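Read the structure below first, then the notes.
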Amino acid sequence: MIDGHFTGADREAAVALVSAIGALTALGARYEDLQRRLRTCDDFVVGHAYTAFLAELGGDPRSAARVADRARRSQRSITRRERQLVEVLLLVIDGDRARAAALATEHIAEFDQDGDALALVATWHLHRD
């Protein structure tokens, strides 16, 4: 475990780093749990799309593409809200971050309950790759 003391860091910066490391560690465990559970839920399209998104963010484009294909094949009976959410996430896999950011912003305006799920994507228009 990191002790919180780092050359050049004030207390707040060190605490922020340790917090971010903890969040990444927890995310890794939750991601693995999500992957295990999705094996029994072929029709959980949003889950597959978000897993692909997380794989892409984690630097595993091969897994991202594989899981994204699964999400693309299973979209028959999902709601409009879910279809839009999936579209935003799959645009990230396809490499179209600008369009994903614009659609995420529009989606959140209509479906504010998805704000947490798409907050990162919605802010990408503020940053240049």
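Just add 235 to the spot in the sequence shown (first one is 1) and you have our numbering. Backbone N, C-alpha and C define an ideal beta-carbon position, used for all residues, glycine too. As the structure is a prediction and not an experimental result, all values here were calculated from the model.
Item                                                                                                                         : Value
Sub-7 Å separation of ALA290 and ALA299 beta-carbons                                                                         : yes
Top-ranked residue by Cα proximity to GLY263, from LEU292, ASP351, ASP329, VAL321                                            : LEU292
Distance, ALA284 Cα to VAL327 Cα                                                                                             : 10 Å
ARG334 versus GLU317 - alpha carbon distance                                                                                 : 17 Å
Distance between LEU324 and ARG311 (C-alpha atoms, nearest Å)                                                                : 17 Å
Chain-order list of residues whose beta-carbon lies under 7 Å from that of ALA357 (same chain, five-residue window excluded) : ALA336, ALA339, THR340, ILE343
Span separating the alpha-carbon of ALA261 from that of GLN270                                                               : 14 Å
CA nearest to the CA of ALA352, picked from ASP329, ASP331, VAL321                                                           : VAL321
Straight-line Cα distance separating SER309 from ASP278                                                                      : 6 Å
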